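Enquirer:
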Amino acid sequence: MAGTIRLTTSQALIKFLNQQYIHVDGEESAFVEGIFTVFGHGNVLGIGQALEQDSGHLKVFQGKNEQGMAHAAIAFSKEKRRRKIMAVSTSAGPGSANVVTAAATAFANQLPVLFLPGDTFATRQPDPVLQQLEQEYSIAVTTNDALKPVSRYWDRITRPEQLMSSLLRAFEVLTDPARCGPVTICICQDTAGEAFDYDEAFFSKRVHYMDRLAPSERELLAATELIRRSRRPLIIAGGGVRYSGAREELMAFSSAYDIPIVETQAGKSAVESTFANNLGGMGLTGTSSANKAAQEADLIIGIGTRYSDFTTSSKTAFDFENTAFLNINVSRLHAYKLDALQVVADAKTALSRLHGMLEGYRTEFGERIGQLKREWDGERERLAGIVFAREGFDPEVKGHFTQEQLNEYADALGTELPQSSALLAINEALAPDSIIVGAAGSLPGDLQRAWSASEPDTYHVEYGYSCMGYEISGALGVKLAKPDCEVYSIVGDGSFLMLHSELITALQYNHKINVLLFDNSGFGCINNLQMGNGGGSYFCEFRNDEKQIMNIDYAKVAEGYGAKAYRVNTLDQLREALADAKQQSRSTLIDIKVLPKTMTDGYGGWWNVGVAEVSESESIRQAHESRMSKLQGAKSY
């Protein structure tokens, strides 16, 4: 008969986490790498005591902001292809509220992370406890209920024995490729310290098998027939290609049948940019070559993609009258999108099986693939060579600013550096195995279009939620996952101001990251959206009460934290700073002053956004008419 061991709920939790393993393709490893925490009431005396007593193999990191440390955990999971996770422990009340944004980020990207927020008292004896909400309709509601809609699985532990069934359910979700995402286990703070005689078998080594889902013969035959009927099929490579590790299979499949590949943000660098059939980013932030290929295609093969509006240009990127869809995805939800033929299967396995069933088939793309690729290479070269002029300069974003406005920025920031040329200079200077991290603003658009990932899995942009503030925290998570690589956070000044707390954590634990901060003194991306749809420049620039453009010394901020910092206003200064930053052993920040309206734009993409139907402004009325005209060619399901 199995014995028992008397532990508190928190001690049992930590002991259980140490015994969870994952098995993928014959390789077995510990699933939970560590835990991020900011201690406060609700977790310091429960989970805090358990970790201090015996953390096992778990690495414990002291975060500086709950959202920031949670984003680091999410990035770690993404970089590990969802095969390792971090847990996140927070205090009750504001601490748990701070992770709602991060949980939504993980949910949108289908990335596993374990949230362990403190909660109120199960006994309700001291209610209302410090930082407790009091809802009139139910005393059972706490801040943690806000995490329900952004969790794949959610539970509240009010008795120690409840932990056992809850954790088994949680890890079933965390290790499911089709449904994985954030899991929230709320632990009442009195329950966290209560003891129970747990069955020792509960703490035995537990292996979670992530077996590859194989396609059925029916799916394979239907997919084969559909591909053979097509003359110009196009592959959209999404994040599922990377998580599956299907690079070699995708390249072989593409090469064998002359099928071009385009990429989503999550799928970029699944196959390196230098691959002959890779036409780059697809959709609103895509390349002209990818978008032209999509218009020419008569079959879209979506592999591991959820078809976000940026990928589909709000469902206007394809010729729906003449184009069929085939989706390969482990998730039935995503496989059914755009009324496609569904192959519910792992990308690597499905591609391997399909490859052997298409012998003798070739597309009609032929030389067109090389032509399109060369066309974009020429445009990329042009972008790299843009030089600002104080007269007659043609901004990349359709001239939403006048020449005088751009000159004002040049004077205020002391720079004449265009964003696009700065970014491509960085691309040229970094080592090929460096990993870049991005998330929000105009930079992800520039990156998806123009960044050349010459080695696979070196592009890490969170665009499922495009969460401002992810970039620096995410860089820390990537560094924890890939400690031998140089990691670069590419972030705008607006996003930097939202959240950069985990730069301090990176410095604290000597995990070197490099922050490349593009400062155009404002929320430039949204300013483009505002002005591009008929509006003026309204509360998106950073100006003081005297309407002067703010010039913030971000390098001084980083120096105060202890990072090595650089101030850059020219391409030569940028190249020198990048070379020196490589030699540093501590985290760095390069404060790059760039001009607004000098990012990339256009190339056949479109984004459906709400524009006022009634307005006193003629430009806004015209923008609304343009939107309605564009919608006539869009698909609605």
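Under my numbering, the first residue of the sequence shown is numbered -8, with each subsequent residue one higher. Cβ coordinates follow ideal geometry from the N, Cα and C atoms, glycine included. Only a predicted model underlies this, so the values are computations on that prediction, with no experimental measurement involved.
Shortest alpha-carbon distance to K547 belongs to which of H391, I252, T579, C531?
Expert: Position 556 of the sequence shown, counted from the first residue, corresponds to residue 547. Closest option to K547, Cα to Cα, is T579.
Enquirer: Unbroken beta strand (DSSP E) runs of length 3 or more, entirely within the stretch 544 to 613: which are they?
Expert: Complete beta strand (DSSP E) runs here, min 3: 555 to 559, 579 to 584.
Enquirer: Leaving out five residues on either side along the sequence, give the residues of the same chain with a beta carbon under 7 Å from the beta carbon of E125.
Expert: For this step, residue 125 is matched to residue 134 along the sequence shown. The answer, listed in chain order, is P119.
Enquirer: Using alpha carbons as the reference points, say which of D310, G347, D337, H346 lies closest to L329.
Expert: In the sequence shown, counting from the first residue as 1, residue 329 sits at position 338. Comparing Cα-Cα distances from L329 to each of D310, G347, D337, H346, the minimum goes to D310.
Enquirer: Taking DSSP's pairing of strands, which residues face L317 in a bridge?
Expert: Start at 1 with the first residue of the sequence shown, and residue 317 comes out as number 326. Bridge partners of L317: I292, L332.
Enquirer: From the DSSP secondary-structure annotation, give me the bridge partner or partners of M77.
Expert: Numbered from 1 along the sequence shown, position 86 holds the residue referred to as residue 77. BP columns for M77 point to G25.
Enquirer: Using DSSP with H/G/I as helix, E/B as strand and the rest coil, what is Q53?
Expert: For the purposes of this step, residue 53 is taken as residue 62 along the sequence shown, with counting starting at 1. The answer is strand: DSSP assigns Q53 an E or B state.
Enquirer: Are the CB atoms of V90 and A61 within a distance shorter than 7 Å?
Expert: Along the sequence shown, read from residue 1 onward, the residue named residue 61 stands at position 70. Along the sequence shown, read from residue 1 onward, the residue named residue 90 stands at position 99. Contact flag set, yes.
Enquirer: Taking F487 as part of the alpha helix (DSSP H), name the residues at either end of that continuous run.
Expert: If you number the sequence shown from 1, residue 487 lands on position 496. It spans 484 to 489 - the alpha helix (DSSP H) in which F487 sits, taken as one unbroken run.
Enquirer: Is there contact between the stretch 69 to 86 and the stretch 482 to 500, where contact requires at least three CB pairs shorter than 8 Å?
Expert: The stretch 69 to 86 is not in contact with the stretch 482 to 500.
Enquirer: Hey, quick one: how far does the alpha helix (DSSP H) through Y456 stretch, first residue to last?
Expert: Position 465 of the sequence shown, counting from 1, holds the residue named residue 456. Neither: Y456 is in no alpha helix (DSSP H) and is coded neither H nor E.
Enquirer: Write down the C-beta distance between A113 and Y456 rounded to the nearest angstrom, noting that I regard them as a contact closer than 8 Å.
Expert: One-based indexing of the sequence shown puts residue 113 at position 122. One-based indexing of the sequence shown puts residue 456 at position 465. In fact, because the Cβ distance is near 33 Å, the residues do not count as touching under 8 Å.
Enquirer: Can you tell me the Cα-Cα spacing of P435 and G429, whole angstroms?
Expert: Residue mapping note: residue 435 aligns to position 444 of the sequence shown, counting from 1. Residue mapping note: residue 429 aligns to position 438 of the sequence shown, counting from 1. If you take the alpha carbons of P435 and G429, they lie about 6 Å apart.
Enquirer: For the ligand COA, I want to know if A247 counts as a neighbour, meaning its beta carbon is within less than 6 Å of at least one of the ligand's heavy atoms.
Expert: The model on display carries no ligand, and the ligand COA is accordingly not part of it.
Enquirer: Once DSSP output is grouped into helix, strand and coil, what is the label at V90?
Expert: Your numbering for residue 90 matches position 99 in the sequence shown. The answer is coil: DSSP assigns V90 none of H, G, I, E or B.
Enquirer: When the distance is taken between beta carbons, is L102 closer than 7 Å to S68?
Expert: Position 77 of the sequence shown holds residue 68. Position 111 of the sequence shown holds residue 102. Yes, Cβ-Cβ distance for S68 and L102 is below 7 Å.
Enquirer: Alpha carbon to alpha carbon, how far is A281 from R219? Give it in angstroms, no decimals.
Expert: Reading the sequence shown from its first residue, position 228 is the one you call residue 219. Reading the sequence shown from its first residue, position 290 is the one you call residue 281. Cα to Cα, R219 sits roughly 22 Å from A281.
Enquirer: Would you list the residues sitting across from R(-3) in a DSSP beta bridge?
Expert: Numbered from its first residue, the sequence shown carries residue -3 at position 6. BP columns for R(-3) point to D188.
Enquirer: Report the CB separation of D110 from R147 in whole angstroms; it is logged as a contact under 8 Å.
Expert: Walking along the sequence shown from the start, residue 110 turns up at place 119. Walking along the sequence shown from the start, residue 147 turns up at place 156. The pair is a contact, with the Cβ atoms about 6 Å apart (cut-off 8 Å).
Enquirer: Does the Cβ of N313 have 16 or more other Cβ atoms within 10 Å, making it buried, or fewer, making it exposed?
Expert: Residue 313 sits at position 322 when you count from the first residue of the sequence shown. That one is exposed.
Enquirer: If I follow the unbroken alpha helix (DSSP H) through I176, where does it start and stop?
Expert: Indexing the sequence shown from 1 puts residue 176 at position 185. Note, I176: premise wrong, no alpha helix (DSSP H); beta strand (DSSP E) at 173 to 179.
Enquirer: Which of helix, strand or coil does DSSP assign to G429?
Expert: Indexing the sequence shown from 1 puts residue 429 at position 438. G429 falls in the strand class under three-state DSSP.
Enquirer: Is L508 closer than 7 Å to Y545 when the C-beta atoms are compared?
Expert: Reading the sequence shown from its first residue, position 554 is the one you call residue 545. Reading the sequence shown from its first residue, position 517 is the one you call residue 508. Yes. Within cutoff.
Enquirer: Pick out the complete beta strand (DSSP E) segments inside the stretch 197 to 248, 3 residues or longer, and give them in chain order.
Expert: Listed in chain order, they are 197 to 200, 224 to 228.
Enquirer: Helix, strand or coil, according to DSSP, for G436 in the structure here?
Expert: Looking up residue 436 in the sequence shown gives position 445. In the structure shown, G436 sits in a helix (DSSP, three-state: H, G or I).
Enquirer: Pick from N318, S129, S512: whose alpha carbon is nearest that of L225?
Expert: Locating residue 225 in the sequence shown gives position 234, where the first residue counts as 1. Ranking the options by Cα distance to L225, first place goes to N318.
Enquirer: Quick check on DSSP: helix, strand or coil for E127?
Expert: Taking the first residue of the sequence shown as position 1, residue 127 is located at position 136. In the structure shown, E127 sits in coil (DSSP, three-state: anything other than H, G, I, E or B).
Enquirer: How is V388 classed by DSSP in three states: helix, strand or coil?
Expert: Against the sequence shown, residue 388 aligns to sequence position 397. With a pLDDT of 49 at V388, under the threshold of 50, the modelled position of this residue cannot be trusted, and the question is left open.
Enquirer: Buried or exposed for S412, please, with buried defined as at least 16 other CB atoms from any protein chain shown within 10 angstroms of its CB.
Expert: Position 421 of the sequence shown, counted from the start, is the residue given in the question as residue 412. Buried: at least 16 other Cβ atoms inside 10 Å.
Enquirer: Taking the alpha-carbon positions, what's the G37 to T(-1) distance?
Expert: Within the sequence shown, numbered from 1, the residue matching residue 37 stands at position 46. Within the sequence shown, numbered from 1, the residue matching residue -1 stands at position 8. Distance between the alpha carbons of G37 and T(-1) is about 8 Å.
Enquirer: I need the DSSP call for D146, collapsed to helix, strand or coil.
Expert: As a first step, residue 146 is located in the sequence shown; it is residue number 155 there, counting from the start. Strand at D146.
Enquirer: Where does the unbroken beta strand (DSSP E) through I13 begin, and where does it stop?
Expert: Numbered from its first residue, the sequence shown carries residue 13 at position 22. Unbroken beta strand (DSSP E) run through I13: 11 to 15.
Enquirer: Between which two residues does the alpha helix (DSSP H) harbouring Y400 extend?
Expert: For the purposes of this step, residue 400 is identified with residue 409 of the sequence shown, where counting begins at 1. Segment 394 to 404, the alpha helix (DSSP H) holding Y400.
Enquirer: Which residues mark the beginning and the end of the alpha helix (DSSP H) in which S252 is found?
Expert: Counting from 1 along the sequence shown, the entry for residue 252 is found at position 261. Note that residue 252 is Ile in the sequence shown here, rather than Ser. Element bounds for I252: not the alpha helix (DSSP H) but the beta strand (DSSP E), 252 to 254.
Enquirer: Look at the Cβ atom of T(-5), then the Cβ atom of D167, and state whether they are nearer than 7 Å.
Expert: Against the sequence shown, residue -5 aligns to sequence position 4. Against the sequence shown, residue 167 aligns to sequence position 176. Cβ distance not < 7 Å, so T(-5) and D167 don't count as in contact.
Enquirer: Within the chosen definition, does the stretch 182 to 200 reach the stretch -2 to 14 through at least 3 CB pairs nearer than 8 Å?
Expert: Touching, per the Cβ criterion.
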